[in-house]
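Numbering (the numbering used here), first residue to last: 4 to 424.
Structure (structure tokens):
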């Protein structure tokens with residue numbers, strides 16, 4: 004199927020053609036016709052499956068074919084998403100797909116001065132993409148009125164709930180007109196998500212794209228067995244190949260991401276970390292620098308990387324093997340998109356050997372082993388008994404540390420006296 008078969012208007016098709024979009028993804032094939040027909044929709048799909056275009060294209064078409072009644076532009080479509088990065092990405096997509104429709108878009112999010120955002124709103128906006136907190140803030144200040152909303156999208160709903168936005172979402176929904184077309188997207192559909200969707204949607208159609216169980220055939224996968232303490236040296240050995248550039252590198256923890264960046268910078272490898280402890284300004288600046296090839300390695304935690312979409316990314320490295328097999332498929336799927344070639348490199352320490360077996364079982368294939376490198380795996384994984392003993396000793400030392408710290412803080416300090424000359 005081609006986009007030309009989906010009854011999309013010429014102004015949008017022209018923009019899609021310029022972006023070299025010809026074949027819609029599965030969620031686009033299923034969703035666009037339903038939304039063009041005016042149905043509410045409950046969609047389940049992972050980030051990176053093309054769902055932004057799946058809802059943006061129908062919204063642009065509806066707005067173009069039915070111009071607003073007011074002389075002054077009013078907000079007719081609202082998209083709510085949990086993070087600044089996703090909000091910016093979605094608004095950019097609307098601008099790209101709608102460049103020939105005449106629609107005006109704006110994006111608002113917290114963590115920055117609101118002046119530029121309120122100025123954009125003052126000039127008039129058809130489509131608004133927002134994070135919940137800043138949206139409510141500007142609504143309370145009188146900058147935003149939702150009474151003219153005709154199309155509403157709640158994106159990444161499961162993450163919204165994880166981040167504690169449920170009360171904000173309910174307050175926003177209460178301000179929307181009852182007559183509207185609503186779209187609800189979530190990577191997973193647990194009961195609390197389904198219950199929330201029932202409050203937003205009316206007789207919705209359901210589109211569910213199965214979670215990826217196999218990476219694209221265009222992605223070459225390589226596995227390096229090594230020891231935990233040698234990973235920092237092995238990654239430097241791999242990056243000696245200057246052709247491996249740029250690289251999206253995954254770390255299991257925020258602390259680990261920062262540590263990796265410090266080690267890379269010591270070797271003059273331009274790198275930055277992106278994770279939840281970074282401010283929104285820092286995260287956006289880092290992401291922009293990576294897209295502009297100002298840094299070679301972007302080190303990310305899984306949570307912070309959600310929503311990162313880098314065109315033509317060729318290299319993904321798993322510094323830590325994920326303990327969930329589907330996470331591995333999702334990570335390496337950031338490369339090799341749209342038929343392009345990609346390369347996924349994974350570093351495996353002894354305790355992660357079992358994760359590799361689970362991954363290969365899921366993808367029904369064997370990851371190619373790289374042998375003959377200078378830092379081979381020489382240790383064996385700990386047994387269950389050794390793990391328990393290790394964790395017990397670790398907890399004991401932690402308790403002793405805090406007990407000694409508490410005693411030190413409670414000990415009275417000797418007052419110093421000045422000596423006379």
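The C-beta atom is built at its ideal place from N, Cα and C for all residues, glycine as well.
Keep in mind the model is a prediction, meaning the values are calculated, not measured.
Legend entry - Reduced DSSP category for residue 373 - H, G, I as helix; E, B as strand; rest coil: coil
Legend entry - Contained alpha helix (DSSP H) runs [length at least 4] in the stretch 269 to 293, N- to C-terminal order: none
Legend entry - Strand pairing of residue 46, partner residues [DSSP]: 188, 210
Inset, instruction - Would you check if there are 3 or more beta carbon pairs closer than 8 Å linking the stretch 270 to 280 to the stretch 334 to 343? - result: no
Legend entry - Buried or exposed by the 16-neighbour rule on C-beta atoms within 10 Å, applied to residue 163: buried
Inset, instruction - Count the other CB atoms, across all protein chains shown, that sit within 10 Å of the CB of residue 112; report buried if there are 16 or more and exposed otherwise. - result: buried
Inset, instruction - For residue 4, count neighbouring Cβ atoms within 10 angstroms of its own Cβ and tell me buried if that reaches 16, exposed if not. - result: exposed
Legend entry - Continuous beta strand (DSSP E) stretch holding residue 3: start and end: Residue 3 is absent from the model: the chain starts at 4 and stops at 424.
Inset, instruction - Go through its chain and collect everything with a Cβ distance to residue 248's Cβ below 7 Å, but skip five positions before and after it. - result: 299
Inset, instruction - Can you tell me which of the three DSSP states residue 368 falls into? - result: coil
Legend entry - residue 62 versus residue 41 - alpha carbon distance: 10 Å
Legend entry - Sheet register partners of residue 345 (DSSP bridge): 222
Legend entry - CB of residue 189 within 9 Å of CB of residue 204, strictly: no
Legend entry - Coil, strand or helix - residue 109 by DSSP: strand
Inset, instruction - Return yes when the Cβ of residue 377 is within less than 9 Å of the Cβ of residue 246, no when it is not. - result: no
Inset, instruction - Quick one: using the 10 Å Cβ neighbour count with 16 as the cut-off for buried, is residue 400 buried or exposed? - result: exposed
Inset, instruction - To the nearest angstrom, report how far apart residue 350 and residue 322 are at their CA atoms. - result: 5 Å
Inset, instruction - Check the DSSP bridge columns for residue 130 and list the partner residues they point to. - result: 80, 108
Inset, instruction - Tell me whether the beta-carbon of residue 14 lies closer than 9 Å to the beta-carbon of residue 127. - result: no
Legend entry - residue 196: first and last residue of the uninterrupted alpha helix (DSSP H) it sits in: 194 to 203
Inset, instruction - Verify whether the separation of the beta carbon atoms of residue 160 and residue 196 is less than 9 Å. - result: yes
Inset, instruction - Please state if the CB of residue 154 and the CB of residue 183 are separated by a distance shorter than 9 Å. - result: yes
Inset, instruction - Keeping to the same chain, check which residues put their C-beta closer than 6 Å to that of residue 347; ignore five residues upstream and five downstream. - result: 222, 224, 319, 335
Inset, instruction - Starting from residue 155, follow its DSSP beta bridges and name the residues at the other end. - result: 81, 185
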